[in-house]
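Single-structure report; data block below.
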Amino acid sequence: MMESRQVPVEHVIAFRLNGKPVTVKCPPAYTLLEILRDKLHVTGPKEDCAKGECGACTVLMNGQPVCSCLVLVSQAQGSEIITSEGLVKDGKLNSVQEAFLEEGAVQCGHCIPGIIVSATALLMRNPNPTVEDIRTALAGNLCRCTGYTKIIVAVQEAAKKWSHRL
Amino acid sequence: MTRSEIDVLNPQTLDEALMLLHQDQPELRIIAGGSDVIVQLRDGVIKTKKLLNLLPLKELRFIRKIDDRIHTGSLTTYSDIVRSELVTKYARLLADAARQIGAIQLQNTATLGGNLGNASPAGDSLPPLYALNAVVVTRSNSGRREIPIEDFFIGYRKTALRPDELIEEVYFDALSENDRSAFLKLGLREANAISIVNVAVVLRGRKPDDSFTNVRIALGAVAPTIRRANKCEQALLNKRLDPGTMWKASTLAAEDTSPIDDIRGSAEYRKHVVTSLVYEGLYEAVVGRVKPHE
């Protein structure tokens, strides 16, 4: 019996990425993260666990933090996606990004793009978080340098300066 | 079969989704929030040529109170549940469970229908739904079925859902101010942890002597499906719930379980934990929450 060779399926998928419309032709069952990194070359979000446990791939989808490794690119059709890159406005870092630099909250840096996105989402809905609120908001983001103390301090500092720009 | 060969169908209405299921099953595999299906696709546990993405069906994302029941659409996310005033007021234990599932990223995408369809014995929303007397509503081209949750799960990761059906909603009892409830979970850490054991307690029909005419206790991660703690429930029914009575009944809870050894805990450990967690759940429901470090 001749084995029929499967042809890759491709869809044209459109969404907004960091404020700009993008259209990408790709296999629809790939993850949003794979397409962001490999096709659109937006490499802030990282793939570590690919199971939704580490948070390194966190992006905002319609304003909510989600693991981009657990969203099919097809499911992102028509949505608004923001990565850590998209939090920079006119070359200026947002207050979370600034605070992470000022407080020295970055060690190896690998988890930081995801953490910045989660912390920004927290301040968008709660500009005056308690330490407990911060810990809950970042519970889905692992830092294997275990630099959590400075990360929490940085988010507290960012909250003090939080001006409602994204 | 690699993922590049998988097609994704994106119906825009429920009718369209039902038509696709009718035509293409059993080749189709349903995907909702994706938190289980995507991992299973990548692990090769699911082999399919086509995915039916239900996420565009906004009509399946709702929380409503109709008479003395809460109705939740299958695409309701855990974040929707955590934020819902209706669930917080009438089924707080379900909101407590939703808050302890994964972390915020997962709660924003994972759905109640997905937890039902995935049918993991450790699914955290499932014991609350058992304890709340839930009914799963399924739909296909040939009509609607209402399946009591205890009949919906027919074995380890097996449900009564037919290949041409999808889950439309799940509805359950709205608790009154006199009712008592609790959900407790033991995981290996506070967030992003699959339950070693989870417990839901619902006490209804309160009488002046602090006894209850309706007791429902459901246990997760201790058998191929969620289990009701029948012997424990019988020992509590119409009894004044003082700590001694609650403890004695809790020691019977493990008799209705058949746990396994796995990476999260041994069967023996799970049986021990069931007793403690049921007692703690009853204590929280009747007396109040035990704060950490007290």
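Taken in sequence, the protein lines are chains A and B.
Convert by adding 55 to the 1-based position in the first sequence; the result is the number in our numbering.
Convert by adding 188 to the 1-based position in the second sequence; the result is the number in our numbering.
Ideal Cβ placement from N, Cα and C applies to all residues, glycine included.
Everything numeric in this text was worked out from a predicted model, so none of it was measured.
Three or more beta-carbon pairs separated by less than 8 Å link the stretch 272-289 of chain B to the stretch 367-380 of chain B, which places the two stretches in contact. The Cβ atoms of Ala322/B and Tyr359/B sit closer than 8 Å to each other. Collapsing the DSSP output to three states places Cys420/B in a helix. Counting only Cβ-Cβ distances below 8 Å, Ser192/B has contacts in chain A at Pro63, Val64, Pro82, Ala84 and Tyr85, in chain order. Using a CB distance below 8 Å, the part of the stretch 281-312 of chain B facing chain A consists of Gly290, Ala291, Ile292, Gln293, Leu294, Asn296 and Thr297, ordered along the chain.
Contact check for Leu294/B against Cys81/A fails: the beta carbons are separated by 8 Å or more.
The three-state secondary structure of Glu338/B, taken from DSSP, is helix. When the alpha-carbon of Leu178/A is set against those of Ile167/A, His165/A, Cys166/A and Ala192/A, the nearest one is in Ala192/A. A straight-line Cα-Cα distance of about 11 Å links Asn73/A and Ser134/A. Apart from sequence neighbours up to five positions away, the residues of its chain that approach Lys459/B with a beta-carbon distance below 6 Å are Ala442, ordered along the chain. Where Ser150/A is concerned, the enclosing alpha helix (DSSP H) starts and stops at Ser150 to Glu157. Scanning the stretch 94-149 of chain A for uninterrupted beta strand (DSSP E) segments of 3 residues or longer gives 113-116, 119-122 and 135-137, listed from N- to C-terminal end.
The beta carbon of Glu158/A is closer than 7 Å to those of Lys205, Val208, Ala209 and Glu212 in its chain, skipping five residues each way along the sequence.
No Cβ-Cβ contact shorter than 8 Å links Leu115/A with Ile90/A. 8 Å or more divides the Cβ of Ala286/B from the Cβ of Arg404/B. Here the stretch 451-470 of chain B lies against the stretch 380-389 of chain B, with 3 or more beta-carbon pairs under 8 Å apart. In the three-state reduction of the DSSP assignment, Val77/A falls in the strand class, which pools E and B. The beta carbon of Glu102/A sits closer than 8 Å to those of Leu88, Glu89, Arg92, Ala111, Cys112 and Cys124, all from its chain and outside the five residues before and after it, given in chain order.
According to DSSP, residue pairing for Val390/B in a beta bridge involves Ser369/B and Arg404/B. Considering only Asp430/B, Ile251/B, Asp224/B and Ile414/B, the residue with the shortest C-alpha distance to Ile342/B is Ile414/B. Neighbourhood of Thr113/A in chain B, by CB distance below 8 Å: Gln293, in chain order. For Gly469/B, same chain residues with a beta-carbon under 7 Å away, outside a window of 5 residues either side, are Ala370, Leu372, Val387 and Val389 in chain order. In this structure, Val466/B keeps its C-beta atom at 8 Å or more from the C-beta atom of Leu374/B. In this structure, the beta-carbon distance from Asn329/B to Asp352/B falls below 8 Å.
DSSP, read as helix, strand or coil, puts Arg345/B in coil. Note that the C-beta distance between Gln119/A and Asn241/B is not below 8 Å.
Identification of residues in the stretch 224-238 of chain B having a C-beta nearer than 8 Å to some C-beta of chain A yields Ile226, Val227, Leu229 and Arg230, given in sequence order.
Taking the Cβ atoms as the reference, Thr326/B lies roughly 6 Å from Ile335/B, within the contact range of under 8 Å.
By the C-beta density criterion, Met207/B is exposed, having fewer than 16 other C-beta atoms within 10 angstroms.
In the structure shown, Gly195/A adopts coil according to DSSP, grouped into three states. Spanning the alpha carbons of Asp224/B and Lys395/B requires a straight line of approximately 43 Å.
Looking at the DSSP output, Val227/B shares a beta bridge with no other residue.
Within its own chain, the residues whose Cβ lies closer than 8 Å to the Cβ of Leu202/B, once the five positions on either side in sequence are excluded, are Leu245, Glu247, Leu248, Arg327 and Glu356, listed in chain order.
Contact annotation, Gly302/B with Ala220/B: C-beta distance approximately 4 Å; criterion of less than 8 Å satisfied.
Per DSSP, reduced to three states, the secondary structure at His165/A is coil, with no helix or strand assignment. When the Cα atoms are used, Arg333/B and Thr260/B turn out to be separated by approximately 16 Å.
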